[in-house]
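The block underneath contains the structure these notes are about, expressed in structure tokens.
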Amino acid sequence: MYENLICNTEGPVAFIQLNRPSKKNTLNTALRLELAKAAAEIAADPKLRAVIITGGEEFFCAGADIAEIQGAASSESTYRQAREFQELFDRIENLPQPVIAAVSGFALGGGFELALACDFRIASQTARFALSEVKIGAIPGGGGTQRLPRLIGAAKAKEMVLTGDPIGAEDARAAGLVLKVVPKEKLLEEARSFAAKLAALPRLALEASKRLINRGVEMDLTSALELEARSIAALATSHDLREGTLAFLQKRKPNFTGE
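Basically the numbering used here = 1-based index in the sequence shown + 1249.
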């Protein structure tokens, strides 16, 4: 059972909703531990093919719990706390399943960094994104200075991090940060539709593709191409690849089993 999350499954799709509305879904220690637990359970379940993470209508997540940060006693404890955030978001990023952040309202600081760790971001028209730590004399500590420029380029990332100013959903889409912008009342419907589309595809190929892209962008091209070739070789004897090619030749819909 979870106290700070609503977790359920909808067929092959795992659904996680941050559920700390009185605190604007801020990521206190208890919520972070629950999110790590939920991620571990999802990663271990091959029947789950896609993941949706969402929050509330007004606040996807307002970031770290400032009361906890203010209570940090030393540089070393602040370092450890930053690493805890980074390790949690790494866990989300490295889930074998594709992960969709369905964002309505504000995604601030650590909440924005959580969304950055997801593979896709679908936003409501009300969504606003910001890494505003500079305004309290801090910097992003949950991967924001690293994931954001990898997604939208260094110049735009510097503008957001150095000013701390938020951007709206349409600007985020134009920058390549958001996949799609929809009316608030259509947000979860759109996220579920996209998750269902992903979940219908062959699991092993999806996992391999996600892993290759995540790792490949950090490698030199020669090494990344070798990894790609090794990965397709590993899929060669899978049921899904044999079934997919046979179905193509027979002009029928494939029956993928995830094996």
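All residues carry an ideal CB built from backbone N, CA and C; glycine is no exception. Remember, it's a predicted structure, so these values are computed and weren't measured experimentally.
Please work out which residues of its chain come closer than 7 Å, Cβ to Cβ, to residue i, disregarding the five sequence neighbours upstream and downstream, and give them in chain order.
i	result
Ala1288	Arg1340, Ile1341, Leu1344
Leu1490	Leu1484
Asn1268	Asn1253, Leu1254, Ile1255
Gly1390	Ala1331, Phe1334
Ala1292	Leu1344, Pro1345
Ala1473	Gly1465
Can you have a look at residue i and say buried or exposed, based on whether 16 or more other CB atoms are within 10 angstroms of its CB?
i	result
Gln1330	buried
Gln1395	exposed
Glu1283	buried
Thr1275	buried
Lys1273	buried
Gln1346	buried
Ile1385	exposed
Phe1497	exposed
Pro1451	buried
Ser1323	exposed
Glu1382	buried
Ile1318	buried
Glu1439	buried
Arg1501	exposed
Ala1403	exposed
Ala1313	buried
Leu1280	buried
Using only CA atoms, which one of the options lies nearest to residue i?
i	options	result
Pro1261	Leu1280, Ser1472, Val1348	Val1348
Glu1290	Glu1307, Asn1268, Met1250, Asn1277	Met1250
Arg1464	Ser1480, Leu1490, Ser1271, Lys1286	Ser1480
Ile1265	Ala1482, Ala1424, Leu1426, Gly1305	Gly1305
Leu1455	Pro1503, Lys1384, Ser1271, Gly1507	Gly1507
Lys1296	Glu1382, Ala1316, Glu1259	Glu1259
Leu1337	Cys1256, Gly1359, Leu1474, Ala1311	Gly1359
Asn1257	Ile1302, Gly1390, Tyr1328	Ile1302
Ala1366	Ser1381, Ile1388, Val1383, Arg1399	Arg1399
Leu1476	Leu1267, Glu1252, Ser1458, Arg1422	Ser1458
Leu1426	Glu1333, Ala1356, Gln1499	Ala1356
Arg1460	Asp1420, Asp1368, Ile1388	Asp1368
Glu1333	Ala1387, Thr1278, Ala1311, Phe1309	Thr1278
His1488	Leu1474, Ala1478, Cys1310, Pro1503	Pro1503
Phe1309	Lys1500, Met1409, Ile1462, Ala1364	Ala1364
Glu1492	Ala1313, Leu1453, Ala1293	Leu1453
The ligand ATP heavy atoms versus the CB of residue i: any closer than 7 Å?
i	result
Asp1420	Looking for the ligand ATP in the displayed structure turns up nothing, as the structure carries no ligands at all.
Return the chain-ordered list of same chain residues with a C-beta closer than 6 Å to the C-beta of residue i, the five sequence neighbours on each side being excluded.
i	result
Ala1424	Ile1401, Lys1405
Asn1436	Per the sequence shown, the amino acid found at residue 1436 is Leu instead of Asn. So the list reads Ala1351, Ser1353, Ser1373, once near-sequence residues are dropped.
Ala1448	Pro1261, Val1262, Arg1298, Ala1299
Gly1392	Gln1335, Phe1338, Glu1362
Pro1270	Gly1305
Glu1307	Gly1354
Ile1388	Glu1382
Phe1505	Pro1451, Asp1489
Met1409	Leu1380
In chain order, what residues of the same chain have a beta carbon less than 8 Å from the beta carbon of residue i, not counting five sequence neighbours either side?
i	result
Lys1407	Pro1398
Ala1311	Lys1272, Lys1273, Asn1274, Thr1275, Phe1355, Leu1357, Gly1358, Gly1360
Arg1422	Ala1372, Leu1428, Lys1429, Val1430
Leu1411	Val1383
Length at least 4, wholly inside the stretch 1390-1448: the alpha helix (DSSP H) runs in chain order = 1393-1401, 1403-1412, 1418-1423, 1436-1448
message = For the pair the stretch 1468-1477 and the stretch 1435-1455, tell me if three or more CB-CB distances fall below 8 Å.
response = no
inquiry  = Quick check on the DSSP output: what are the complete beta strand (DSSP E) runs of length 3 or more inside the stretch 1330-1379, in order along the chain?
reply    = 1348-1352, 1355-1357, 1369-1373, 1377-1379
Touch test, the stretch 1364-1374 against the stretch 1424-1434, Cβ-Cβ under 8 Å, three pairs minimum = yes
request  = Kindly provide the ranges of any alpha helix (DSSP H) runs that are 4 or more residues long and lie completely inside the stretch 1256-1335, ordered along the chain.
outcome  = 1278-1292, 1315-1319
query = Can we say the stretch 1377-1389 touches the stretch 1410-1418, given the rule of at least three CB pairs closer than 8 Å?
reply = yes
task = Identify every run of the alpha helix (DSSP H) within the stretch 1479-1506, keeping only runs that are complete inside it and at least 4 residues long; order them along the chain.
result = 1488-1499
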